[in-house]
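J.:
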Amino acid sequence: TVRMAVAQRNIDQDKGVLWSRMGKVDGFALIMDKVYELVSVDVRLKMIFKGYDLEKIKKAQTSFLGEALGGPKKYEGSDLATVHRDLGLNDYILDCFLMNFEKALNSVGVNEESVDEVMVTLEGFRSDILARERGISAAQKIVDGRTIFERVGGQMVV
Numbered sequence: 014t015v016r017m018a019v020a021q022r023n024i025d026q027d028k029g030v031l032w033s034r035m036g037k038v039d040g041f042a043l044i045m046d047k048v049y050e051l052v053s054v055d056v057r058l059k060m061i062f063k064g065y066d067l068e069k070i071k072k073a074q075t076s077f078l079g080e081a082l083g084g085p086k087k088y089e090g091s092d093l094a095t096v097h098r099d100l101g102l103n104d105y106i107l108d109c110f111l112m113n114f115e116k117a118l119n120s121v122g123v124n125e126e127s128v129d130e131v132m133v134t135l136e137g138f139r140s141d142i143l144a145r146e147r148g149i150s151a152a153q154k155i156v157d158g159r160t161i162f163e164r165v166g167g168q169m170v171v
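In this text, residue positions in the sequence shown follow the working numbering: the first is 14, and each later residue adds one.
1) Between the segment 109-129 and the segment 38-48, are three or more C-beta pairs nearer than 8 Å?
2) Within the continuous alpha helix (DSSP H) that includes Arg57, where are the two ends?
3) Reducing DSSP to helix, strand and coil, say where Val38 ends up.
4) Can at least three beta-carbon pairs, one atom from the segment 63-82 and one from the segment 126-137, be found at a separation below 8 Å?
5) Quick check on Val52: buried or exposed, where buried means 16 or more other Cβ atoms within 10 Å of its Cβ?
6) Taking only three categories from DSSP, how would you classify Val121?
7) Is it true that the segment 109-116 meets the segment 91-101, where meeting means three or more beta-carbon pairs spaced less than 8 Å apart?
8) Could you tell me which residues DSSP puts in a beta bridge with Val30?
9) Spatial neighbours of Gln21 within its chain, please: C-beta separation below 6 Å, excluding the five flanking residues on both sides.
10) Using DSSP with H/G/I as helix, E/B as strand and the rest coil, what is Arg145?
11) Per DSSP, Val156 is paired with what?
12) Could you give the distance in angstroms between the alpha-carbon of Val156 and the alpha-carbon of Phe41?
13) Since Ile61 and Ile106 should fall inside the 8 Å C-beta cutoff, what is the C-beta to C-beta distance between them, to a whole number of angstroms?
14) Report the residue from Leu100, Lys72 and Glu130 whose alpha carbon sits nearest the alpha carbon of Val30.
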């Protein structure tokens, strides 16, 4: 979509601006707290995280995603394919997680332009998380004949 293309252009120009708009370390920590508040009660995702230390996962994700969104280089963990290899993830599960992430961004007042930029960035990790060959841009990937927006409910969830 045009919004996603604009978001990608903005990201390509300067991720540091996005990091600042999200409130840097403190603002992003608040966002990640909200993400995990939502994930921990989402019946579609609870089983994926059962038996794992959510605080440890949140800390690692905060470092990885903070760096990916223009923050300080802090992540020292394994690559995404290795981290997610044995979890049995699929597009639906990832879409549910991304939907919660978007809800968290909106709930703490992140502006629409920044939300788009974050979501485009996160969507770009789909191939690595699901251990797929790279090809079509993940942001434009069609799964079962539908885009991510359509798979998570389209306008009905906005």
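Note that the Cβ used here is the ideal one computed from N, Cα and C, for glycine as well.
T.: From the atom records:
1) yes
2) Within the sequence shown, residue 57 is the residue found at index 44, counting from 1. Element bounds for Arg57: n/a, residue is neither H nor E.
3) Taking the sequence shown and counting its residues from 1, one reaches residue 38 at position 25. If DSSP states are grouped into helix, strand and coil, Val38 belongs with the helices.
4) yes
5) For this step, residue 52 is matched to residue 39 along the sequence shown. Answer is buried; the Cβ neighbour count reaches 16.
6) In the sequence shown, the residue the question calls residue 121 occupies position 108. Correct three-state label for Val121: coil.
7) Segment contact: the segment 109-116 against the segment 91-101, fewer than three CB-CB distances shorter than 8 Å; contact not assigned.
8) By 1-based counting over the sequence shown, the position of residue 30 is 17. According to DSSP, which records beta bridges pairwise, Val30 is partnered with nothing at all.
9) Here residue 21 corresponds to residue number 8 of the sequence shown, with the count starting at 1. If we look at Gln21 and ignore the five residues flanking it on each side, its Cβ neighbours are Val133.
10) Within the sequence shown, residue 145 is the residue found at index 132, counting from 1. Coil, per DSSP.
11) As a working mapping, residue 156 is identified with position 143 in the sequence shown. In DSSP, Val156 forms a bridge with Arg159.
12) Residue numbering aside, residue 156 sits at position 143 when the sequence shown is read from its first letter. Residue numbering aside, residue 41 sits at position 28 when the sequence shown is read from its first letter. Using only the alpha carbons, I get a separation of about 30 Å.
13) Taking the first residue of the sequence shown as position 1, residue 61 is located at position 48. Taking the first residue of the sequence shown as position 1, residue 106 is located at position 93. About 6 Å separates the two Cβ atoms, so the contact holds.
14) The residue labelled residue 30 in the question sits at position 17 within the sequence shown. It is Glu130 whose Cα lies nearest to the Cα of Val30.
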